[in-house]
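So the structure is just underneath, and the comments pick up after that.
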Amino acid sequence: MKNFMLVLLALGLVMTFGVVVQAKVTALPHVFNLSFNNQGNPGKDSSENGNNGELKGGAKWVANGYSGGAVQLDGGDGHVEVVVDVPEKNFTMGVWVKTDDGEVGIYSVLDGVAGAGGHDRHFFLKGGKINFRTWQGPAWATDRNVADGKWHHIALVAKDGAGQTAYVDGDKVGTHAYDHSDFDWQKRVWIGFSNDAAKDYFKGLIDGASYTAAALTGDQVKMKLMVSVEPKGKLASTWSVIKTSH
Ligand SMILES: [Ca+2]
Ligand SMILES: [Ca+2]
516 MKNFMLVLLA LGLVMTFGVV VQAKVTALPH VFNLSFNNQG NPGKDSSENG
566 NNGELKGGAK WVANGYSGGA VQLDGGDGHV EVVVDVPEKN FTMGVWVKTD
616 DGEVGIYSVL DGVAGAGGHD RHFFLKGGKI NFRTWQGPAW ATDRNVADGK
666 WHHIALVAKD GAGQTAYVDG DKVGTHAYDH SDFDWQKRVW IGFSNDAAKD
716 YFKGLIDGAS YTAAALTGDQ VKMKLMVSVE PKGKLASTWS VIKTSH
């Protein structure tokens, strides 16, 4: 009985923690936050700014995301478009990816369709390693290979006066001194695409794409990872453990 009470207590803590993290992440100043969890409206912006994404070309909704649903991209012309004016200073971009192709585009900010008229804030893979380019800064590489067919969360933080910081799965993997973007005539953001990659279009799964109007701290980036730990799933598996042990 004592053990059972301890399990209940632990369960309560897990649930409370999940809810608190969810609340904190929801409170972040997202420009958009796409969970791809709504099959009927997969591009729905959960930030409630109405900056919905649109699945285009060879992009389709799938149920097996990192957390809930996701978008599968075909490496041909599939991408998710958000038509939106995003901030050039003090921002954080984040996305979950799953691919085994090491030469694909992931995320970028564009003027016209496919970057006609200008493009920057690129996330792309080169030899499997995550690279970035925020104009007028140069392209820069990290040594973190993410093209291993597993889910990885990639985030880029630009902070005025401090520079860019890159995170993979919550680990800091690189920095660059250029601290903002000068590409202020941009009109859209594409997820699953970058002009800087050998293959512009992403092939694989993407989930949890966000653009935040703040330079998040390392801890806040980590918090975004934990949101995907679904208390419901945890609860079910914990209950089955309790049942078998009694
Ligand atoms: Ca999802
Ligand atoms: Ca802008």
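Residue numbers (our numbering): 516 to 761. By construction, the Cβ of each residue, glycine as well, lies at the ideal position given by its N, Cα and C atoms. Just so it is clear, the structure is predicted and the values come from calculations on it, not from any experiment.
So residue i packs on residue j, CB below 8 Å; how close in whole Å?
i: residue 698; j: residue 633; result: 6 Å
i: residue 592; j: residue 572; result: 3 Å
i: residue 647; j: residue 727; result: Residue 647 to residue 727, Cβ: 16 Å. No contact.
i: residue 597; j: residue 557; result: That pair is no contact at about 13 Å.
i: residue 594; j: residue 669; result: Between residue 669 and residue 594 the Cβ distance is about 16 Å, and since that is not below 8 Å, they are no contact.
i: residue 588; j: residue 578; result: At roughly 16 Å, the Cβ-Cβ gap does not stay under 8 Å, so residue 588 and residue 578 are not in contact.
i: residue 714; j: residue 618; result: 5 Å
If you measure from the CB of residue i, is any heavy atom of ligand 3 nearer than 7 Å?
i: residue 536; result: Among the ligands modelled here, namely ligand 1 and ligand 2, ligand 3 does not occur.
Under 8 Å between the Cβ atoms of residue i and residue j?
i: residue 724; j: residue 549; result: yes
i: residue 626; j: residue 650; result: no
i: residue 620; j: residue 711; result: yes
i: residue 694; j: residue 678; result: yes
i: residue 611; j: residue 666; result: yes
i: residue 731; j: residue 672; result: yes
i: residue 703; j: residue 546; result: no
i: residue 583; j: residue 564; result: no
i: residue 656; j: residue 641; result: yes
i: residue 685; j: residue 644; result: no
i: residue 729; j: residue 543; result: yes
CA-CA distance, residue i and residue j?
i: residue 716; j: residue 675; result: 30 Å
i: residue 690; j: residue 520; result: 46 Å
i: residue 659; j: residue 537; result: 28 Å
i: residue 525; j: residue 680; result: 35 Å
i: residue 628; j: residue 637; result: 15 Å
i: residue 580; j: residue 700; result: 33 Å
i: residue 639; j: residue 603; result: 19 Å
i: residue 746; j: residue 652; result: Per-residue confidence for residue 746 stands at a pLDDT of 44, beneath the threshold of 50, marking its modelled position as unreliable; the derived number appears in the next sentence. One C-alpha to the other measures close to 41 Å.
i: residue 608; j: residue 523; result: 37 Å
i: residue 752; j: residue 531; result: Residue placement at residue 752 is poorly supported in this model, since its pLDDT is 44, which falls under 50; the coordinates still yield a value, given next. Taking the straight line from one Cα to the other gives about 17 Å.
i: residue 663; j: residue 539; result: 31 Å
i: residue 517; j: residue 541; result: 36 Å
i: residue 533; j: residue 692; result: 35 Å
i: residue 614; j: residue 661; result: 8 Å
i: residue 562; j: residue 739; result: 14 Å
i: residue 566; j: residue 560; result: 6 Å
Report task. Let me have the residue list for ligand 1: C-beta closer than 7 Å to any non-hydrogen atom, ordered along the chain. Result -> 550, 551, 552, 580, 581, 582, 583, 584, 585, 722 and 723
Query raised in the report: Taking a cut-off of 7 Å, which residues have a beta-carbon closer than that to any heavy atom of ligand 2, in chain order?
Result: 600, 601, 602, 603, 699 and 701
Report task. Just list the beta strand (DSSP E) runs in the segment 547-600, keeping only unbroken ones of 3 residues or longer that don't cross its boundaries, in chain order. Result -> 569-571, 574-577, 585-589 and 594-598
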